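Residue numbers (my numbering), protein chains in the order written: chain A, 15 to 243; chain B, 15 to 243. Down below is the structure, laid out as structure tokens.
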DNA sequence: CGATTCATTGACTAGAATCAAATACCGTGG
DNA sequence: CCACGGTATTTGATTCTAGTCAATGAATCG
């Protein structure tokens, strides 16, 4: 049963930590009042596909999601990764511009778009939050753009690791990467071989170390920051 | 003297042509009721700078504008070009994320952000337009992203020319480029030499011809579209 | 018309892609 | 616990695209 006038989106106070795990520093920090369903997706399961009508607004509760596009020749570009607390899938147009898949087993909160629209129409604060959400996605896309246009492989990897560290609320420089090397490559506009080689070189340079394939320990943040500039 | 409740933004009907020259197919087709000032900017004049507080919303009336960022090592990335009819400069945050300059002598409509905010608060249709605007900028940034991540020089040039043709409402495949080769290079993540060479090669391949340095005549749209895929 | 900026062309280099193979990791079943 | 098959990752050799450095040619503006 829905409230008569539900609060749909609420920007979180910076230091707050909600029970389903927000993404600190992600720039997409909202709480979604659990008025929608919370749905599990298996590893690699499709959440929505490109060109489908956008029926829902999503928020990652647990796991990780990739948003991507396939080019006609098979190349894949990952546009964004979504981590717990991140909102995604809301569109201004009438189709999804990207596909979305769960990277690992994930659970996702889902709210009907029609509900969002209705609330936004009545409540200018919610309308403003929608605008801010789009603006934050835009800011991320612009940063990503810059990375792809003007940065070398080492700089892309450095920026990626710093971003992941920030977004996953890294304790002591330990970052757990939820995605495979191929995903990182497709996000950074590189090949998997270049990602792998660059990792190896940076480990040799003691910039970071690999506690396992997916667990990174940042050792020289100054060096990473320098590459990130 | 302002209206008590001015209509600030009005989406244009598709085939309409407003007197100050909109950008057909640009995805940013709005009319700005002339309640702000119309200001002239000389070639290369700064409209706003990165990190400045965003005080205004702008619309190109005549000319062209580039939005860009300078990296610490002097590299420049142009994030977007704005043509007549395009809205730009509105930010969700408290600083401009890019700088903006007039490419050629231009005139720009300017409305105070505080006015926009006030109107959006009262009028949910205007709030929605602001959201749509951000979403359209996002869509452009995403397309641009894809181009930079996954496309070769020829493909980038092809996409750029098709985009410019579409946005400038090309009559018979004639496109007037308002920007210099260096701007194109900095937009496409290439060097000026690569842009120049690629132009030359595509002219030899009869994909297009140059009526002058800045005037392009598209000859083989199929070839361009193929590269654009 | 001359000065300056902009664009093109050429020779060479660097960085990442490609092609190919070896190694590590992981879940499953014996 | 270990062997096995499949997947993911790393490493190596080579190629190719675009960048860099350098010089020439064209366009534009007082």
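All C-beta atoms in this analysis are idealised placements derived from N, C-alpha and C, irrespective of residue type, glycine included. Since the structure is predicted, the reported quantities are computational estimates derived from the model, not experimental observations.
Exercise for the section: Check whether the Cβ atoms of residue 79 (chain A) and residue 62 (chain A) lie closer than 7 Å to each other. Expected result: With a cutoff of 7 Å on beta-carbon distance, residue 79 (chain A) and residue 62 (chain A) are scored as not near each other.
Problem - Nearest-angstrom Cα separation, counted from residue 199 (chain B) out to residue 208 (chain B) - result: Their Cα atoms are separated by approximately 8 Å.
Practice task
Output the boundary residues of the beta strand (DSSP E) element that contains residue 204 (chain A).
Solution key: Neither: residue 204 (chain A) is in no beta strand (DSSP E) and is coded neither H nor E.
Problem - Which listed residue (A:166, A:99, A:115 and A:144) has its alpha carbon closest to that of residue 181 (chain A) - result: The residue with the shortest Cα to Cα distance from residue 181 (chain A) is A:99.
Exercise for the section: Apply the 10 Å Cβ neighbour rule to residue 190 (chain A) and answer buried if 16 or more other Cβ atoms are within range, or exposed otherwise. Expected result: Taking every protein chain shown into account, the CB of residue 190 (chain A) has fewer than 16 other CB atoms within 10 angstroms, so this residue is exposed.
Exercise for the section: Report the three-state DSSP secondary structure of residue 94 (chain A) (helix, strand or coil). Expected result: Secondary structure of residue 94 (chain A) (DSSP, three-state): strand.
Exercise for the section: Check the Cβ-Cβ distances between residue 182 (chain A) and every residue of chain B, and say whether any is below 7 Å. Expected result: Cβ-Cβ to chain B under 7 Å: no for residue 182 (chain A).
Handout entry: Alpha carbon of residue 232 (chain B) to alpha carbon of residue 101 (chain B), nearest angstrom
Key = Cα-Cα distance, rounded: 27 Å.
Exercise for the section: Count the C-beta pairs between the segment 52–66 of chain B and the segment 117–130 of chain B that are closer than 8 Å, then say yes if the count reaches three, no if not. Expected result: Counting Cβ pairs under 8 Å, three or more are found: they touch.
Problem - Delimiting residues of the beta strand (DSSP E) encompassing residue 85 (chain B) - result: From DSSP, residue 85 (chain B) is part of no beta strand (DSSP E); its letter is neither H nor E.
Exercise for the section: Report, in whole angstroms, the separation of the C-beta atoms of residue 140 (chain B) and residue 134 (chain B), which I expect to be a contact under 8 Å. Expected result: Sure, about 5 Å apart at Cβ, within 8 Å.
Exercise for the section: Could you check how far apart the C-beta atoms of residue 104 (chain B) and residue 67 (chain B) are, in whole angstroms? I think they sit under 8 Å. Expected result: The Cβ separation is near 12 Å, so there is no contact.
Exercise for the section: Could you name the residues of the segment 166–200 of chain A whose beta carbon sits closer than 8 Å to any beta carbon of chain B, in the order they occur along the chain? Expected result: So the list is empty, because no residue satisfies the distance condition.
Handout entry: Among A:213, A:174, A:234 and A:153, the one whose alpha carbon lies nearest that of residue 108 (chain B)
Key = The residue with the shortest Cα to Cα distance from residue 108 (chain B) is A:153.
Problem - Distance between residue 164 (chain B) and residue 88 (chain A) (C-alpha atoms, nearest Å) - result: Their Cα atoms are separated by approximately 11 Å.
Exercise for the section: Could you work out which residues of chain A lie near residue 151 (chain B), taking near to mean beta carbons separated by less than 7 Å? Expected result: Correct list: 152.
Practice task
For residue 254 (chain B), decide whether its Cβ has a neighbour in chain A, counting only Cβ atoms nearer than 7 Å.
Solution key: The shown model of chain B, from 15 to 243, leaves out residue 254 (chain B), and the question about it has no answer.
Practice task
Spell out whether any CB of chain A is found under 7 Å from the CB atom of residue 73 (chain B).
Solution key: At a cut-off of 7 Å, the C-beta of residue 73 (chain B) has no neighbouring C-beta in chain A.
Practice task
Establish whether the CB of residue 145 (chain B) and some CB of chain A are separated by less than 7 Å.
Solution key: Yes - at least one Cβ of chain A is within 7 Å of the one on residue 145 (chain B).
Exercise for the section: Helix, strand or coil for residue 223 (chain B), going by three-state DSSP, please let me know. Expected result: For residue 223 (chain B), the three-state secondary structure derived from DSSP is strand.
Handout entry: Beta-bridge pairing of residue 53 (chain B) - partner residues as DSSP gives them
Key = For residue 53 (chain B), which the question treats as bridged, DSSP gives the partners B:122.
Handout entry: Residues of its chain near residue 188 (chain A), where Cβ-Cβ distance is below 6 Å and the 5 sequence neighbours each way are ignored
Key = For residue 188 (chain A), where only same-chain residues beyond five positions count, the Cβ hits under 6 Å are 231.
Exercise for the section: Check whether the Cβ of residue 95 (chain B) sits closer than 6 Å to any heavy atom of the ligand MN, and report yes or no. Expected result: Of the ligands one can find in the structure shown there are none, so the ligand MN has no counterpart to examine.
Handout entry: Alpha carbon of residue 159 (chain A) to alpha carbon of residue 159 (chain B), nearest angstrom
Key = Residue 159 (chain A) and residue 159 (chain B): Cα-Cα distance of roughly 5 Å.
Practice task
Kindly indicate if chain A contains any beta-carbon less than 7 Å away from that of residue 39 (chain B).
Solution key: Confidence at residue 39 (chain B) is low in this model, with a pLDDT of 42, below 50, so its placement is unreliable and no value can be given for it.
Exercise for the section: In angstroms with no decimal places, state the Cα-to-Cα distance between residue 223 (chain B) and residue 217 (chain B). Expected result: Computed Cα separation, rounded: 5 Å.
Practice task
Counting only the same chain and skipping the five closest in sequence on each side, list residues whose C-beta sits under 6 Å from that of residue 238 (chain A).
Solution key: Excluding sequence positions up to five before and after residue 238 (chain A), its CB lies within less than 6 Å of the CB of 172 and 176, all in the same chain and listed in chain order.
Exercise for the section: Could you tell me which chain A residues have their CB closer than 7 Å to the CB of residue 89 (chain B), listed as they occur along the chain? Expected result: One finds 164 in chain A with Cβ atoms closer than 7 Å to the Cβ of residue 89 (chain B), taken in chain order.
Handout entry: CA-to-CA distance, residue 221 (chain A) to residue 169 (chain A), given in whole angstroms
Key = In this model, residue 169 (chain A) and residue 221 (chain A) are separated by some 12 Å (Cα to Cα).
Exercise for the section: Quick one: residues in its chain with C-beta nearer than 8 Å to the C-beta of residue 215 (chain B), no 5 flanking neighbours on either side, listed in chain order? Expected result: 168, listed in sequence order.
Practice task
Starting from residue 115 (chain B), follow its DSSP beta bridges and name the residues at the other end.
Solution key: According to DSSP, which records beta bridges pairwise, residue 115 (chain B) is partnered with B:60 and B:80.
Exercise for the section: For the beta strand (DSSP E) containing residue 188 (chain A), list its first residue and its last residue. Expected result: 188–190 is the extent of the beta strand (DSSP E) around residue 188 (chain A).
Exercise for the section: Using a Cβ cut-off of 7 Å (strictly closer), state whether residue 138 (chain A) contacts chain B. Expected result: Under the 7 Å criterion on CB atoms, residue 138 (chain A) is classed as interfacial with respect to chain B.
Handout entry: Contacts of residue 86 (chain A) in chain B (Cβ-Cβ under 9 Å)
Key = Those within 9 Å of residue 86 (chain A) in chain B are 243.
Handout entry: Per-residue DSSP class, three states only, for residue 193 (chain B)
Key = In this structure, DSSP gives residue 193 (chain B) a state outside helix and strand, which the three-state scheme calls coil.
Problem - 8 Å contact criterion, which residue 174 (chain B) and residue 144 (chain B) should meet: CB distance rounded - result: Your pair residue 174 (chain B) and residue 144 (chain B) does not check out as a contact, with CB atoms roughly 28 Å apart and the cut at 8 Å.
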